[in-house]
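Q: Have a look at this one before I ask anything.
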Amino acid sequence: MTQESAAALSNQFVYAAMFVYTLSMLALAWDLAVSGVRGRARATEVLVGAGAPVAPDAESTTVADDSATEQNRTKSGGIGLALLISGAGLQAIGVLLRAVAAGRVPWGNMYE
Numbered sequence: 000m001t002q003e004s005a006a007a008l009s010n011q012f013v014y015a016a017m018f019v020y021t022l023s024m025l026a027l028a029w030d031l032a033v034s035g036v037r038g039r040a041r042a043t044e045v046l047v048g049a050g051a052p053v054a055p056d057a058e059s060t061t062v063a064d065d066s067a068t069e070q071n072r073t074k075s076g077g078i079g080l081a082l083l084i085s086g087a088g089l090q091a092i093g094v095l096l097r098a099v100a101a102g103r104v105p106w107g108n109m110y111e
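Residue 52 in numbering that gives the first Met the number 0 is what sits at position 53 of the sequence shown, and the numbering runs on without skipping anything.
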């Protein structure tokens, strides 16, 4: 692989990482928007609990809260996290290819 082809491939990986990071940001923003609506709906449901039987002991409520938290994870949050990790991998490959093209570690200036 020549230095020019490694540099061009590095640019493509960095641009791909930027695109994947953008998709990740959109997916995670959607997850936050949806979870905020669900959080407010859950808060109003708790306020209507008048006249309910006595609450069970603290141990069983923490288990229920943990399972409720697991159920509230959305698909868009998982997609956003997967895209974020993929973008980091693409960026790392881009930096490594830039190091190959420059013949040294490119911490000072990747595009000199």
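Beta carbons are placed, not taken as given, at the ideal position from N, Cα and C, and that holds for glycine.
Looking only at its chain, what residues have a beta carbon closer than 7 angstroms to the beta carbon of residue 86, apart from the 5 residues adjacent to it on each side?
A: Along the sequence shown, read from residue 1 onward, the residue named residue 86 stands at position 87. Cβ neighbours of residue 86 beyond the five flanking positions: 16, 19, 20 and 23.
Q: Is there contact between the stretch 2-17 and the stretch 89-106, where contact requires at least three CB pairs shorter than 8 angstroms?
A: Touching, per the Cβ criterion.
Q: Please classify residue 93 as buried or exposed, where buried requires at least 16 other C-beta atoms within 10 Å of its C-beta.
A: The residue labelled residue 93 in the question sits at position 94 within the sequence shown. Counting Cβ neighbours within 10 Å, residue 93 comes out buried, since at least 16 surround it.
Q: Is it right to say residue 79 is buried, meaning 16 or more other beta carbons lie within 10 angstroms of its own, or is it exposed?
A: The count along the sequence shown starts at 1 and reaches residue 79 at position 80. Its Cβ being crowded by 16 or more others within 10 Å, residue 79 is buried.
Q: When the Cα atoms are used, what is the spatial distance from residue 34 to residue 102?
A: Taking the first residue of the sequence shown as 1, we reach residue 34 at position 35. Taking the first residue of the sequence shown as 1, we reach residue 102 at position 103. Computed Cα separation, rounded: 47 angstroms.
Q: Going by DSSP in three states, residue 102 sits in which element: helix, strand or coil?
A: For the purposes of this step, residue 102 is taken as the residue at position 103 of the sequence shown. Note: residue 102 maps to coil in three-state DSSP.
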